[in-house]
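Chemist:
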Amino acid sequence: MPTTKQSNRRATPAARVVGRAFSSAIVAWFADCGREFPWRRSRNPYEILMAEMMLRKTTATLVASVYSDFIRQYSSVFQLADAPLEDVRALLKPLGIAGRARLMVDAAEAIVLRYDGEVPADADELRSLPGVGTYTARAVQCFAFGKEVALVDTNVIRILRRALGIHGRRARAHTDPDVWAAADSLLPLRGVREYNLGLLDLGAMTCTANSPACQECPLSTMCVTYSCSDGLLRGRSVPAQILS
Ligand code: SF4
Numbered sequence: 005m006p007t008t009k010q011s012n013r014r015a016t017p018a019a020r021v022v023g024r025a026f027s028s029a030i031v032a033w034f035a036d037c038g039r040e041f042p043w044r045r046s047r048n049p050y051e052i053l054m055a056e057m058m059l060r061k062t063t064a065t066l067v068a069s070v071y072s073d074f075i076r077q078y079s080s081v082f083q084l085a086d087a088p089l090e091d092v093r094a095l096l097k098p099l100g101i102a103g104r105a106r107l108m109v110d111a112a113e114a115i116v117l118r119y120d121g122e123v124p125a126d127a128d129e130l131r132s133l134p135g136v137g138t139y140t141a142r143a144v145q146c147f148a149f150g151k152e153v154a155l156v157d158t159n160v161i162r163i164l165r166r167a168l169g170i171h172g173r174r175a176r177a178h179t180d181p182d183v184w185a186a187a188d189s190l191l192p193l194r195g196v197r198e199y200n201l202g203l204l205d206l207g208a209m210t211c212t213a214n215s216p217a218c219q220e221c222p223l224s225t226m227c228v229t230y231s232c233s234d235g236l237l238r239g240r241s242v243p244a245q246i247l248s
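In the numbering used here, the protein residues as written are 5 to 248.
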């Protein structure tokens, strides 16, 4: 996978202009409309890693209902590594992800055993932890260590496809290195953290899968899908090209 700098160097001048407009719009929108969650106030790598592991395949609102209790009960990676699995499972049960408790405890044990209790900042070391894939590793790098890396999940892929016409070559776009490279090339010069959070929030609140609120979207003036379907959107159901 190319680095962010390599991706930026490959972008054409026109693509760089579009990328700058895109990222500026997201950062500005996030300053006004971004959501608040307890893990977003933290820079503690352990707390952020646990939040990101909980956030996979569930909603941030649901995670918020148990996150503070979880961090109070297991306030350090050492406490989680020693925790009885059943207790952790019980705490996560309201999220419907009780099965993830095993991975979280295993990851904590690995951090204690291999890294003396310090969550690693290196992407390969993060990915070597149980239950940690590319997305989670990058989220920890960005939100805990301030690294300038893009995040690509289902919501982000949808926005990139609709707004900029970026399509992966693989059916599972989040596994496509070209999509990750395109996402890296769009990173702003400043405010990468706010940009990543803004994209996640825009996908959850505005450019949703089934009912995008295009007329309230900060990308509407540059969105290739919206500009091709503007007339259809006014007062009518969402056209098929937006939902594709
Ligand atoms: S204008 Fe509509 S389709 Fe385009 S990015 Fe915004 S919400 Fe999504």
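C-beta: ideal position from N, C-alpha, C; glycine also. Because the structure is a prediction, the values reported are computed rather than measured.
#1: Hey, how far is the Cα of serine 28 from the Cα of arginine 194?
#2: Closest by CA to valine 21, which one among Pro222, Leu206, Ala208 and Pro192?
#3: For the alpha helix (DSSP H) containing alanine 85, list its first residue and its last residue.
#4: Does the CB of arginine 118 have a neighbour CB from chain C at under 7 Å?
#5: Indicate whether valine 81 and isoleucine 115 have their beta-carbon atoms separated by less than 7 Å.
#6: Name the two residues that bound the continuous alpha helix (DSSP H) containing isoleucine 101.
#7: Determine the contact status of serine 79 and proline 42, defining contact as a CB-CB distance below 7 Å.
#8: Using only alpha-carbon positions, find the residue among Leu89, Ala127, Leu99 and Lys97 that is nearest to glutamate 113.
#9: Express the C-alpha separation of threonine 63 and arginine 197 in angstroms, rounding to a whole number.
#10: Taking just the CA atoms, how far does threonine 229 sit from arginine 39?
#11: Using the rule of at least 16 other Cβ atoms within 10 Å of the residue's Cβ for burial, across every protein chain shown, is glutamine 83 buried or exposed?
#12: The alpha helix (DSSP H) that contains asparagine 214, what's its start and end?
#13: Rounded to whole angstroms, how far is the Cβ of valine 160 from the Cβ of tryptophan 184, which I believe are closer than 8 Å?
#14: Whole angstroms are fine: how far does the CA of alanine 85 sit from the CA of valine 67?
#15: Per DSSP, what kind of secondary structure is leucine 133 in: helix, strand or coil?
#16: Anything with a beta carbon under 7 Å from a heavy atom of the ligand SF4 counts; list them all in chain order.
#17: Would you kindly check if the distance between the Cβ of glycine 135 and the Cβ of leucine 96 is under 7 Å?
Modeler: Result, derived from the coordinates:
#1: In the sequence shown, counting from the first residue as 1, residue 28 sits at position 24. In the sequence shown, counting from the first residue as 1, residue 194 sits at position 190. A direct Cα-to-Cα measurement between serine 28 and arginine 194 gives close to 9 Å.
#2: Counting from one through the sequence shown, the residue named residue 21 turns up at place 17. The residue with the shortest Cα to Cα distance from valine 21 is Pro192.
#3: The residue labelled residue 85 in the question sits at position 81 within the sequence shown. Alanine 85: member of the alpha helix (DSSP H) spanning 81 to 85, first to last residue.
#4: In the displayed structure, chain C is absent; only one protein chain is listed.
#5: Taking the sequence shown and counting its residues from 1, one reaches residue 81 at position 77. Taking the sequence shown and counting its residues from 1, one reaches residue 115 at position 111. Yes; because the gap between Cβ atoms is below 7 Å, this pair is in contact.
#6: Counting from one through the sequence shown, the residue named residue 101 turns up at place 97. For isoleucine 101, there is no enclosing alpha helix (DSSP H), as DSSP marks it with neither H nor E.
#7: Position 75 of the sequence shown holds residue 79. Position 38 of the sequence shown holds residue 42. Inclusion of serine 79 and proline 42 in the CB contact set at 7 Å is not warranted, their separation being larger than that value.
#8: Walking along the sequence shown from the start, residue 113 turns up at place 109. Selection Leu89, Ala127, Leu99 and Lys97 evaluated against glutamate 113 yields Leu89 as nearest (Cα-Cα).
#9: Position 193 of the sequence shown holds residue 197. Position 59 of the sequence shown holds residue 63. Each residue's Cα considered, the two are about 20 Å apart.
#10: Sequence index remark: in the sequence shown, residue 39 carries index 35 (1-based). Sequence index remark: in the sequence shown, residue 229 carries index 225 (1-based). Cα-Cα distance, rounded: 26 Å.
#11: Indexing the sequence shown from 1 puts residue 83 at position 79. Its Cβ having fewer than 16 others within 10 Å, glutamine 83 is exposed.
#12: For this step, residue 214 is matched to residue 210 along the sequence shown. Here asparagine 214 belongs to no alpha helix (DSSP H), and DSSP marks it neither H nor E.
#13: In the sequence shown, the residue the question calls residue 160 occupies position 156. In the sequence shown, the residue the question calls residue 184 occupies position 180. So it is not a contact: roughly 10 Å between Cβ atoms.
#14: The sequence position of residue 67 within the sequence shown is 63, counting from 1. The sequence position of residue 85 within the sequence shown is 81, counting from 1. One Cα belongs to valine 67, the other to alanine 85, and the distance between them is close to 21 Å.
#15: The residue labelled residue 133 in the question sits at position 129 within the sequence shown. In this structure, leucine 133 counts as coil in the three-state DSSP scheme.
#16: Counting every residue whose Cβ lies closer than 7 Å to a heavy atom of the ligand SF4, we get Ile163, Arg166, Ala167, Thr210, Cys211, Pro216, Ala217, Cys218, Cys221, Leu223, Ser224, Cys227, Thr229, Tyr230 and Ile246.
#17: Reading the sequence shown from its first residue, position 92 is the one you call residue 96. Reading the sequence shown from its first residue, position 131 is the one you call residue 135. If you check the CB distance, leucine 96 and glycine 135 do not come in under 7 Å.
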